[in-house]
Amino acid sequence: MYPWLESSFDSLIARYKIAKLHHGLLFMGVADAGKTQLCQEIAKSLLCKTIAGTRKAAAETQSSGLFEIEDIALQAPDDKLEACGVCKSCLLIDAGSHPDLHIITTEKSQIGIDIIRQTISKVTQTAQLSGNKVVIIPQIELMSESASNALLKTLEEPTPNTYLLMTTNESQRLLPTILSRCEKQTIALPSFEQSCDWLATLDVSIPSRAALLAHGSSPITYKKELEDAESIGFDDFLETLQGLLEGSETANRAALKWQTEAPKVVKWLAQHWLERYKSTQNISAYDNYQACLVASKRMSHPGLNKSLILTPLFDQLRTTKVASFN
Ligand SMILES: [Zn+2]
């Protein structure tokens, strides 16, 4: 569990234990904030037999004042919120074969109606493990309109003991009717300090503020890119940029070096110049930022040789004197 998601997790599962959890939860926020992992952790707890045991006990205590727990193995402290990891349900989840957990993924750029219909038809049946049924749909903004309408029906008329856990990076693309039928939870990125603390526990080198910002302020993105041997490192990027600005690196050479990851480099450059503009109010920095945006737009056309866009951009950046920013 990502530490910055613990409080969201705790409050949702605490509500589940007193039967106050909404059946349709939509987690909103930027990419790589940990939304899908949060859904997976919630699903584990919703399906865990030990938690179900304590939930039943808690509910019975509330209604009658006395209860008996049939299976002693299912006893757990009432404040336990994380899945036990040892019950049948937890073991099936770990093995990736829980019959009542459905995770919708798609290789395509769209989630079609067929997969939504198939999944809905599965959860309208009784749970195979006689507990809850959970559907996880990451990035529901990718659903086609017909898929959205099919899902809407389930949100409006939920089947008992069924929870839909959805995420979106672009809530503005969702049908208003979908938005209004879900309980929305905004998942924020961790602070810089939280990010560094988490990375330190994994023995990942601690980023500078600029490096984390270059990775969308997400320590998850930062870690992923650091582990990708093919990927350009932010420190390497800064070094080459410095060389470009000081004249020890040519625009041509830098363009060739970066052409395979041109969109990322241009995004970093744009961020770099925007930050410089904010801190110095220097108009040249703003011009450079604008030039990066134009280059980024041009790059979205497929089939274009990226180095032909990068070289003139780098030439423009080089004409900006480094000294003028100090
Ligand atoms: Zn369990």
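The sequence shown lines up with residues 239 to 564 when you count with the numbering used here. All residues carry an ideal CB built from backbone N, CA and C; glycine is no exception. Here the structure is a predicted model, which means the values were calculated and not measured.
When the distance is taken between beta carbons, is residue 390 closer than 9 Å to residue 419? yes
Alpha carbon to alpha carbon, what distance is there between residue 510 and residue 527? 8 Å
Can you tell me whether residue 251 sits near ligand 1, meaning its C-beta is under 8 Å from at least one heavy atom of the ligand? no
Let me confirm a value: residue 205 is counted as buried when at least 16 other C-beta atoms fall within 10 Å, else exposed. Which label applies? Because the chain in this structure spans residues 239 to 564, residue 205 falls outside the shown range and cannot be described.
By a C-beta neighbour count over all protein chains shown, 10 Å radius and 16 as the cutoff for buried, is residue 374 buried or exposed? buried
Burial state of residue 262 (16 or more Cβ within 10 Å): buried
What do you reckon, are the CB atoms on residue 445 and residue 429 nearer than 9 Å? no
For residue 500, count the other beta carbons within 10 Å of its own beta carbon; 16 or more makes it buried, fewer makes it exposed. Which is it? buried
Between the segment 523 to 538 and the segment 490 to 497, are three or more C-beta pairs nearer than 8 Å? no
DSSP-derived helix/strand/coil call for residue 291: helix
In this structure, does DSSP put residue 340 in helix, strand or coil? strand
For residue 279, count neighbouring Cβ atoms within 10 angstroms of its own Cβ and tell me buried if that reaches 16, exposed if not. buried
Through-space distance from residue 401 to residue 304, alpha-carbon basis: Because the pLDDT at residue 304 is just 40, under 50, the model does not fix this residue reliably, and the point stays unresolved.
Is it buried or exposed for residue 338, if we count other Cβ within 10 angstroms and need 16 for buried? buried
What do you reckon, is the C-beta of residue 228 under 8 Å from a heavy atom of ligand 1? The question about residue 228 has no answer, for the chain in this structure spans 239 to 564.
Within this structure, are the beta carbons of residue 606 and residue 502 separated by less than 9 Å? The chain is shown only over 239 to 564; residue 606 falls outside these bounds and no answer can be derived.
Spell out a yes or no on whether the segment 461 to 481 and the segment 527 to 536 are touching, meaning 3 or more CB-CB pairs, one atom from each, closer than 8 Å. no
Return yes when the Cβ of residue 285 is within less than 9 Å of the Cβ of residue 331, no when it is not. yes
So within the segment 313 to 395, which uninterrupted beta strand (DSSP E) runs reach at least 3 residues, ignoring any that extend past its ends? 339 to 341 and 371 to 375
Could you check if residue 369 is buried or exposed, using at least 16 other CB atoms within 10 Å of its CB as the buried criterion? buried
May I ask whether a heavy atom of ligand 1 can be found less than 8 Å away from the beta carbon of residue 442? no
Look at the Cβ atom of residue 534, then the Cβ atom of residue 497, and state whether they are nearer than 9 Å. no
Any residue with its C-beta under 5 Å from a non-hydrogen atom of ligand 1 counts. Can you list them all in chain order? 286, 288, 321, 322, 325 and 328
What residues match up with residue 265 in a beta bridge as DSSP calls it? 405 and 423
Buried versus exposed, by CB contacts within 10 Å (16 or more), residue 310: Note that residue 310 scores a pLDDT of 36, beneath 50, so its modelled location is shaky; the value from the coordinates is reported in the next line. It counts as exposed.
Of the residues 519, 270, 540 and 250, the one placed nearest residue 282, counting alpha carbons only: 250
Measuring straight from C-alpha to C-alpha, what distance separates residue 351 and residue 407? 20 Å
Looking at the structure shown, is residue 557 part of a helix, part of a strand, or coil, going by DSSP? coil
Count the other CB atoms, across all protein chains shown, that sit within 10 Å of the CB of residue 647; report buried if there are 16 or more and exposed otherwise. Because residue 647 is not part of the residues shown, which for the chain are 239 to 564, the question remains open.
Could you check the C-alpha separation between residue 518 and residue 550 for me, to the nearest Å? 24 Å
Report the three-state DSSP secondary structure of residue 488 (helix, strand or coil). coil
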